[in-house]
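Under this note's numbering, the first residue of the sequence shown is numbered -5, with each subsequent residue one higher. Here the structure is laid out as structure tokens; the discussion comes afterwards.
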Amino acid sequence: VSLLHRFDYLSTKKTDMRFVAVSSLCLFFVNTIQAQDFPGLRTSNYAGVTNVFFNPANIADSRHRWDFTLFNISTSIGNNQASFKLQDIGRTLDADSIKNKIFSGNAGSSSGFASAVVQGPSVFFNLNKKSALAITSRARVMTNIIDIDGKLAEQLVDEINDNTGFPYRISSTNNMVVNANAWTEFGLSYAREIYTAGNHYLKGGITFKYLAGAANASVNIDNLNGTLGLDAPSNEAYLTNAKGRIGLNFGGINTDNFEAADLLEFESSGLGADIGFVYEYRPGTNEMRRDLNKYKFKVGIALLDVGSVKYDRDVSRSGSYSINIGATQRFYLSALTDAGIDNFKDTLNKYPQFFAPDANMPLASYNASLPTTLQLNVDYHFHKGLYVNLATQLALTNSRTKASNSQYYSSIAITPRFENKTIGVYIPLTYNSLTNITAGAAFRLGPLFIGSGSILSAALGSSKQADIIFGLHFGSLQKSK
């Protein structure tokens, strides 16, 4: 909850560092949800080194001889409650507006997913006709909001805007979770041709990643049953007749004072990997023409983001408590609103009559898993520059069962596109269980690309997702002979 307050600061923070300025813009948009990073562009045969993040096998037999990325950014916003319209986008994408939509008093159970990816300097090059190598860097920030009661969250985030609906009964059997992860990764990728015979072609690739963790924070409230009341004279909400459990877990730098430059603070470390394979059916093509897409259809499968970051648990901020507030007692939620998330433990310790700490001390260290996914996509080549791509994403980590883990949402996307060496037009249509159906558009012109996975939905009506991708890369395409 406290992180949402920080976006106001991040969006106006001034700095002389170009990278930090770009990252700050990226983090401003992290109040959000997305189905997949880089919608539209991820299907392209001309994305260069960026393709390695979607399937490390992609760089083998690439349309580029070599490619260098200066920067790429993919970030998005939304959840199951918020909606955005294109004509109101300037007013909608400020932090206060987002907080009001996500945590409105009548929102019910709110869930969301936030992600921002900044790909730093990265390069790939062919070792020979059958293999390629890539060296990559990127910084990532992710936030999950799972099953937060909207009425409770409203009181924790901001002052009361609507004093109706009190008393309000909270009866939750789920684990409410808010978490945030920030880390930088450095990757070494290798891909090569595995098998070719007649019309059949198979390639594979693997990426080994060094993970530098900057921050991990999570708050989970389990089986909360209680009543929210309103103190009319002071216009303050309080919790009464309540039982449940609350857990706090922190590692790395303080999130209350988090700045974009802190992504380069390597507080913790870990190892990760991606692995993938691509099969292509190539009927009657000239294998010597490396500048051409020779397949009629191809099928790719990849296991991405395997691994974890090991953090030293900050015991000054971490702990777990049993909640026991009597029917005649009141705990005013303003105590937490004013404290900041890094000071939640100090605040709870001031009220031992309501919050009893567990006797067992938490372990000195813990692992925060990467948001592991299984990716499967089929790409069909109709004629010349016309293609259609069907991609599925299966999430393999769950924040509800382990609050410190980040997770993606499972999704399916269909992307018709037209592309050649110079230009590309992509129309991603995506469905996931959180934001339902979104439609977007992306464009590539030489080394530049820009797009959004939800702009068409927002223009034609409204969308529960708002996102943007853009970037710049340089490379040398394969020769025609």
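Every residue, glycine too, gets a C-beta built ideally from N, C-alpha and C.
Going by other Cβ atoms of all chains shown within 10 Å of its Cβ, with 16 needed for buried, is residue i buried or exposed?
i: Asp340; result: exposed
i: Arg283; result: exposed
i: Thr367; result: buried
i: Val111; result: buried
i: Leu442; result: exposed
i: Phe468; result: exposed
i: Phe23; result: Here the model assigns Phe23 a pLDDT of 32, short of 50, so the residue's position is not dependable, and the following value carries that caveat. Looking at its Cβ environment, which holds 16 or more other Cβ atoms inside 10 Å, Phe23 is buried.
i: Arg307; result: buried
i: Phe376; result: exposed
i: Arg132; result: buried
i: Thr395; result: exposed
i: Gly159; result: exposed
i: Thr322; result: exposed
i: Thr9; result: Residue placement at Thr9 is poorly supported in this model, since its pLDDT is 33, which falls under 50; the coordinates are not used for a value here.
i: Gly270; result: buried
i: Lys473; result: exposed
Which residues mark the beginning and the end of the beta strand (DSSP E) in which residue i is found?
i: Glu187; result: 169 to 191
i: Ala128; result: 125 to 143
i: Thr366; result: Taken as a continuous stretch (DSSP letters only), Thr366 belongs to no beta strand (DSSP E), as it is neither H nor E.
i: Thr409; result: 405 to 413
i: Ile417; result: 417 to 420
i: Arg276; result: No beta strand (DSSP E) holds Arg276; DSSP gives it neither H nor E.
i: Gly320; result: It is not in any beta strand (DSSP E) - Gly320 carries neither H nor E in the DSSP assignment.
i: Thr221; result: 194 to 225
i: Pro351; result: 349 to 351
i: Ile444; result: 442 to 446
i: Thr69; result: 58 to 72
i: Asp299; result: 291 to 306
i: Phe464; result: 459 to 471
i: Thr386; result: 380 to 389
i: Arg163; result: 162 to 165
i: Asn120; result: 116 to 120
Here's a check: name, in chain order, each residue in its chain whose Cβ is nearer than 6 Å to the Cβ of residue i, leaving out the five neighbours to either side.
i: Ala407; result: Ala385, Pro422, Thr424
i: Asn414; result: Gly379
i: Asn74; result: Ser105, Leu428
i: Phe348; result: Ile319, Phe325
i: Ser212; result: Asn173, Asn243, Ala397, Ser398
i: Lys124; result: Arg186, Glu187
i: Val16; result: With a pLDDT of 32 at Val16, under the threshold of 50, the modelled position of that residue is not reliable, and no figure is offered here.
i: Glu259; result: Ala208, Ile247
i: Arg163; result: Thr221
Determine the extent of the alpha helix (DSSP H) in which residue i is found, giving its start and end residues.
i: Gly241; result: Taken as a continuous stretch (DSSP letters only), Gly241 belongs to no alpha helix (DSSP H), being part of the beta strand (DSSP E) at 230 to 246.
i: Asn343; result: 338 to 343
i: Leu428; result: No alpha helix (DSSP H) contains Leu428, which DSSP labels as neither H nor E.
i: Ala452; result: 449 to 454
i: Ala436; result: Here Ala436 belongs to no alpha helix (DSSP H); instead the beta strand (DSSP E) covers 435 to 439.
i: Leu330; result: 328 to 331
In angstroms, rounded to a whole number, what distance separates the CA positions of residue i and residue j?
i: Thr391; j: Pro33; result: 21 Å
i: Lys458; j: Leu357; result: 39 Å
i: Lys478; j: Leu35; result: The structure shown does not extend to residue 478, since the chain is modelled only from -5 through 475, so no value can be given for it.
i: Thr331; j: Val372; result: 48 Å
i: Ala126; j: Val309; result: 45 Å
i: Tyr381; j: Tyr360; result: 45 Å
i: Leu286; j: Leu370; result: 23 Å
i: Ser166; j: Ile140; result: 12 Å
i: Tyr275; j: Arg186; result: 17 Å
i: Gly238; j: Ser316; result: 6 Å
i: Lys203; j: Ser228; result: 53 Å
i: Ile247; j: Ile295; result: 36 Å
i: Ala333; j: Ser312; result: 15 Å
i: Val478; j: Ser109; result: The structure shown has nothing for residue 478, since the chain only spans -5 to 475.
i: Ala362; j: Ser393; result: 10 Å
i: Leu454; j: Ala389; result: 29 Å
i: Met136; j: Ile71; result: 11 Å
i: Leu196; j: Val272; result: 6 Å
i: Tyr345; j: Ile142; result: 23 Å
i: Thr190; j: Phe48; result: 23 Å
i: Gly418; j: Asp352; result: 57 Å
i: Asn354; j: Phe338; result: 19 Å
Near residue i, which residues of its chain fall below 7 Å by C-beta distance, leaving aside the five closest residues on each side in sequence?
i: Val46; result: Asn52, Ile53, Phe118, Ala128, Thr130, Ser183, Thr201
i: Trp177; result: Arg134, Leu205, Ala206, Gly207, Ala208, Val303
i: Thr432; result: Thr424, Gly447, Ser448, Ser451, Ser457, Gln459
i: Ser328; result: Glu230
i: Gly266; result: Glu179, Lys203, Leu205, Asp299, Val300, Gly301, Leu364
i: Ala41; result: Leu35
i: Tyr305; result: Gly207, Asn210, Gly245, Gly246, Ser262, Ser359, Tyr360, Ala362
i: Gly440; result: Thr416
So, for residue i: in the same chain, excluding its five sequence neighbours on each side, which residues have a beta-carbon less than 8 Å away from its beta-carbon?
i: Trp60; result: Val117, Phe118, Phe119, Asn120, Gly469, Ser470
i: Ala350; result: Tyr315, Ser316, Asn318
**OP:** Say whether the region 205 to 222 touches the region 231 to 240, bearing in mind that this needs 3 or more beta-carbon pairs closer than 8 Å, one atom from each stretch.
**Re:** yes
Original post:
Does the region 210 to 218 come close enough to the region 59 to 73 that 3 or more CB-CB pairs lie under 8 Å?
Top reply: no
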